[in-house]
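Notes to accompany the following structure.
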Amino acid sequence: MNSNDVRARFLAFFESKQHTLVPSAPLVPGNDPTLLFTNAGMVPFKDVFTGQDTRPYTRAASSQKCVRAGGKHNDLENVGYTARHHTFFEMLGNFSFGDYFKADAIPWAWEFITSRDWLGIDPSRLLVTVYHTDDEAYGLWKDTVGVPAERIVRIGDNKGAPYASDNFWTMGETGPCGPCTEIFYDHGDHIPGGPPGSPDEDGDRWIEIWNVVFMQFERHADGRMTPLPAPSVDTGMGLERISALLQGTHDNYRIDSFRLLIEAIAARAGQAPYASASQKVIADHIRATSFLLLDGVLPGNEGRGYVLRRIMRRAIRHGYKLGLNEPFFHALVAPLGEAMGAGYPELVEKRAWLEQTIRAEEDAFATTLDKGMKLLDEAIAGLASGVIPGAVVFKLYDTYGFPVDLTADIARERALTLDLDGYEREMAAQRERARAASSFKAGASLRYEGDATCFVGYESLRADATVVALFRDGEPVPSLQAGEQGIVVLDRTPFYAESGGQVGDAGRIGTFVVDDTQKIKGSVFGHSGRLAEGGLAVGDAVTAEVTDSLRRATMRNHSATHLLHRALRDVLGEHVAQKGSLVDAQRTRFDFSHPSAVTVEEIIEIENRVNRAVLANVEVGARVMGYDDAIASGAMALFGEKYGDEVRVLQMGDFSTELCGGTHVGRTGDIGLFKIVSESGVASGIRRVEAITGENALAHLRGLDDTLRAAADRLRSGREDLIEKIEAQLERAKALEKELAALKGKLAGAASGDLVSQARMVGDVRVIAARVDGVAGNDLRDLQDQLKNKLGSGVVVLGAADGDKVSLIAGVTQDLTRRIKAGDLIKHVATQVGGKGGGRPDMAQAGGTDVAALPAALESVYAYVEGTL
Ligand code: SER
Numbered sequence: 019m020n021s022n023d024v025r026a027r028f029l030a031f032f033e034s035k036q037h038t039l040v041p042s043a044p045l046v047p048g049n050d051p052t053l054l055f056t057n058a059g060m061v062p063f064k065d066v067f068t069g070q071d072t073r074p075y076t077r078a079a080s081s082q083k084c085v086r087a088g089g090k091h092n093d094l095e096n097v098g099y100t101a102r103h104h105t106f107f108e109m110l111g112n113f114s115f116g117d118y119f120k121a122d123a124i125p126w127a128w129e130f131i132t133s134r135d136w137l138g139i140d141p142s143r144l145l146v147t148v149y150h151t152d153d154e155a156y157g158l159w160k161d162t163v164g165v166p167a168e169r170i171v172r173i174g175d176n177k178g179a180p181y182a183s184d185n186f187w188t189m190g191e192t193g194p195c196g197p198c199t200e201i202f203y204d205h206g207d208h209i210p211g212g213p214p215g216s217p218d219e220d221g222d223r224w225i226e227i228w229n230v231v232f233m234q235f236e237r238h239a240d241g242r243m244t245p246l247p248a249p250s251v252d253t254g255m256g257l258e259r260i261s262a263l264l265q266g267t268h269d270n271y272r273i274d275s276f277r278l279l280i281e282a283i284a285a286r287a288g289q290a291p292y293a294s295a296s297q298k299v300i301a302d303h304i305r306a307t308s309f310l311l312l313d314g315v316l317p318g319n320e321g322r323g324y325v326l327r328r329i330m331r332r333a334i335r336h337g338y339k340l341g342l343n344e345p346f347f348h349a350l351v352a353p354l355g356e357a358m359g360a361g362y363p364e365l366v367e368k369r370a371w372l373e374q375t376i377r378a379e380e381d382a383f384a385t386t387l388d389k390g391m392k393l394l395d396e397a398i399a400g401l402a403s404g405v406i407p408g409a410v411v412f413k414l415y416d417t418y419g420f421p422v423d424l425t426a427d428i429a430r431e432r433a434l435t436l437d438l439d440g441y442e443r444e445m446a447a448q449r450e451r452a453r454a455a456s457s458f459k460a461g462a463s464l465r466y467e468g469d470a471t472c473f474v475g476y477e478s479l480r481a482d483a484t485v486v487a488l489f490r491d492g493e494p495v496p497s498l499q500a501g502e503q504g505i506v507v508l509d510r511t512p513f514y515a516e517s518g519g520q521v522g523d524a525g526r527i528g529t530f531v532v533d534d535t536q537k538i539k540g541s542v543f544g545h546s547g548r549l550a551e552g553g554l555a556v557g558d559a560v561t562a563e564v565t566d567s568l569r570r571a572t573m574r575n576h577s578a579t580h581l582l583h584r585a586l587r588d589v590l591g592e593h594v595a596q597k598g599s600l601v602d603a604q605r606t607r608f609d610f611s612h613p614s615a616v617t618v619e620e621i622i623e624i625e626n627r628v629n630r631a632v633l634a635n636v637e638v639g640a641r642v643m644g645y646d647d648a649i650a651s652g653a654m655a656l657f658g659e660k661y662g663d664e665v666r667v668l669q670m671g672d673f674s675t676e677l678c679g680g681t682h683v684g685r686t687g688d689i690g691l692f693k694i695v696s697e698s699g700v701a702s703g704i705r706r707v708e709a710i711t712g713e714n715a716l717a718h719l720r721g722l723d724d725t726l727r728a729a730a731d732r733l734r735s736g737r738e739d740l741i742e743k744i745e746a747q748l749e750r751a752k753a754l755e756k757e758l759a760a761l762k763g764k765l766a767g768a769a770s771g772d773l774v775s776q777a778r779m780v781g782d783v784r785v786i787a788a789r790v791d792g793v794a795g796n797d798l799r800d801l802q803d804q805l806k807n808k809l810g811s812g813v814v815v816l817g818a819a820d821g822d823k824v825s826l827i828a829g830v831t832q833d834l835t836r837r838i839k840a841g842d843l844i845k846h847v848a849t850q851v852g853g854k855g856g857g858r859p860d861m862a863q864a865g866g867t868d869v870a871a872l873p874a875a876l877e878s879v880y881a882y883v884e885g886t887l
């Protein structure tokens, strides 16, 4: 029974039990930041189980695309080493949402699997497991279904904590969960492995083919488990595993849909099919790669994108192992389309795009794979122990783009392990270096033992103060001289030190020009910059003055950020959570969680809301209060951010209340015009909006206005009919292009006429060997076709020089291809101009680099033809 039949039978069986058939959802779960990928058939129904969503049905069945790589259910490392693990697979499932429960789910499972009308699997090869306390399921198997007691295994909490068990299924850290019962198939004692619950249960002999989860609880982030609104059922069966069994193999990779892929890979590698585990890895990974790409995941450096990149790079490396040093992975999209295109036509429809995207990743990785492998081989050759040092693992990651699990994969093949602690230490050191480099000129490492700085910058931008410390080149000094760079610490300051996304202030401390302010440690502010003139010594009385225009522009942007945050949540939904922000004098940049691009309409609505709050001109006030009181008053706090007991609550009328230590405008009206200037994605599920305010917004609009005016002037039109004018110009360009193409055709026709008259007879063959500089690409091919047509019977060789490049084409009319092969002829000519090439017997192309040799090379065509007579 092929896998398409298995899928169809499963759905038909449950349709006969009044289930609604539901199509597969995408691999990226909608609006669910807790999960990387759809990793089970129940994922699209998660909210239905918890009662947050309803459907018009209470029974459903589906065949769901799943990916298990990264996150809780991660099979990536196992792929290639077992017969049954995949990153991508299809899961057949039947579901009850508060409808039937154990008493139906268990007998139906058995009926479908064993009845001759359905799968007809031999019951004597089956064994079932139940959660150790689930007497009800045990009783149903034993008494209702009639499974002998010695074939029912109770499995307890075998993973080190209550409910951590093979027979207690949880979707992720949070979500619906419950005890489960599983059906195992015994592939026979010729395959190593023990029954479930035994020490060698991980072998391939006993394979879990069916898992019924009795969904009863919802697990929360704090570990609590609360009952679901109604007991439900979630059944999963891997299509590949069951197909393997029905096709008489224990190895999923030998089923129909995999065989084509394995054969394609083996052929490229010049191996027999199934000659190596790498073939399986690559076959698995091209499926995961293609399906993830089709569902909108692109290879990248974070989140889902990074998981995809890891999968792709692992496959490419396994290709390298098979000797496939040229890009090969993209070429597997075609056989995949053949194997699975019937069920997933987009594999065929989007083939070109898939190939292109995969090829780009292959090319990117190819440049470092080879070097990285050499480095690793050298490191391994010099190893005294069986452990690859953390520094090597880190270098491979950092310089050569080897994801750690890729290095682990290589290590495993050679029976080595990785020093992961060492790798983590290198990584932490790297982070520290990056932080130090990007933040403060040596700020964080300064030695300073004095008091905290008193910040007076909420109220004023100018303050008298005393210099309490000075640093030069990271060392404390008693004074600074004119022209020296350094860091100044004052007893009190109006300068805001960077925090909460708002940049540090710039300004002047006497003649010291401050270009940044950062916290050195705790609440000690360091002003970094350069002493323009005179001298500055510890103990000096100074006047510290923040640059008014910059700070005011920054405050406008910061206050606008709070209104933006509120408006995003109001317009897009409460799932919007701040993921990062940067506020400076130019703009506010705000990153937040949201699954899709923000539409133009949504942007307009967000802008409108912020501008309404600006025009309301409400007072902006700050109060310091206890953290708990602040949260109780409804203030928004950032998830994952650490706050002290005392917090500052920033309130803008009814529009926004947020915990914030930043500096803000006095009234919302001070913000001026608010304008969003860009919206983009920064990582999967994270969007970025950039917005401007006040004078920046005005300047932006003026810029647009200027562009518009310049465009209208160029087109000699008014602004009103600018679009019309542009359209007319585009039309005209199109018409001209058409005309040009027609003219080119005519010219080529005329040229070919000339060339035909130059044809020479060589024996009984008419031969044209001509130089046609300026003709390129398709035109060259067309000209060659025309000439062949005009000759009726003959040989054509054309050469065209462009700079220091030569393009060659050879054509032989069909009647002569037995005697003269265009491919051989072009090779003969191309070698003379420093190139190579080849092609079909009737048409072949080549390139070369030696323009000076072209005339002689063309001339040699006649002798070549003569030689074939
Ligand atoms: N959710 C369960 C599983 O993935 C059953 O569908 O195994």
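Using this note's numbering, you'd call the opening residue of the sequence shown number 19 and step up by one each time. All C-beta atoms, glycine included, are put in the ideal place defined by N, C-alpha and C. The structure presented is a predicted model; accordingly, all values stated were derived computationally and were not measured.
Residue i, enclosing alpha helix (DSSP H) - first and last residue
i	result
S775	L740 to S775
G337	G321 to K339
Y118	Taken as a continuous stretch (DSSP letters only), Y118 belongs to no alpha helix (DSSP H), as it is neither H nor E.
I624	V618 to A634
I209	Where I209 is concerned, there is no enclosing alpha helix (DSSP H), given that its DSSP letter is neither H nor E.
T375	R369 to A399
Y880	L872 to G885
K806	G795 to L809
Near ligand 1: residue i beta-carbon under 7 Å from a heavy atom
i	result
T68	no
F231	In the sequence as displayed, the identity of residue 231 is Val instead of Phe. Correct: V231 has its Cβ closer than 7 Å to ligand 1.
A58	yes
D252	yes
W136	no
G547	no
W159	no
G359	no
W187	yes
G190	no
G525	no
G909	Residue 909 cannot be examined here, being either before or after the span of the chain that is shown, 19 to 887.
Per DSSP, the bridge partner or partners of residue i
i	result
D609	G598 and R706
Q520	S517 and V601
V422	For V422, which the question treats as bridged, DSSP gives no partner whatsoever.
S696	E708
E226	F202
T572	Its beta-bridge partners do not exist; DSSP assigns none.
Endpoints, the beta strand (DSSP E) within which residue i is located
i	result
M60	M60 -> no beta strand (DSSP E), and no H or E assigned at all.
S546	V542 to L549
F202	G193 to D204
P245	M243 to G256
Contact test: residue i Cβ vs ligand 2 heavy atom, cutoff 7 Å
i	result
W128	With respect to ligand 2, the structure offers nothing, as its ligand set consists of ligand 1.
Discussion item. Would you call the segment 596–606 in contact with the segment 619–639, where contact means no fewer than 3 C-beta pairs closer than 8 Å?
Written reply: no
Item to complete: Specify whether the segment 516–534 and the segment 428–446 touch according to this definition: at least 3 beta carbon pairs, one from each stretch, less than 8 Å apart.
Response: Judged by Cβ distances under 8 Å, the segment 516–534 makes no contact with the segment 428–446, as fewer than three pairs qualify.
Worksheet item: For the 8 Å Cβ check, are there 3 or more pairs between the segment 580–589 and the segment 559–566?
Response: Segments in contact, no.
Item to complete: Determine contact between the segment 398–412 and the segment 296–310, defined as no fewer than three beta-carbon pairs at a distance below 8 Å.
Response: no
Worksheet item: Is there contact between the segment 267–286 and the segment 350–359, where contact requires at least three CB pairs shorter than 8 Å?
Response: yes
Discussion item. Three or more C-beta pairs under 8 Å: does that hold for the segment 84–99 against the segment 423–433?
Written reply: yes
Worksheet item: For the 8 Å Cβ check, are there 3 or more pairs between the segment 609–623 and the segment 697–711?
Response: Yes: at least three Cβ pairs fall under 8 Å.
Worksheet item: Should the segment 640–651 be called in touch with the segment 530–543, which here means at least 3 C-beta pairs below 8 Å?
Response: Two segments are said to touch when three or more pairs of C-beta atoms, one from each, lie closer than 8 Å; by this definition the segment 640–651 does not touch the segment 530–543.
Discussion item. Three Cβ pairs or more, each shorter than 8 Å: is that satisfied between the segment 134–152 and the segment 192–200?
Written reply: yes
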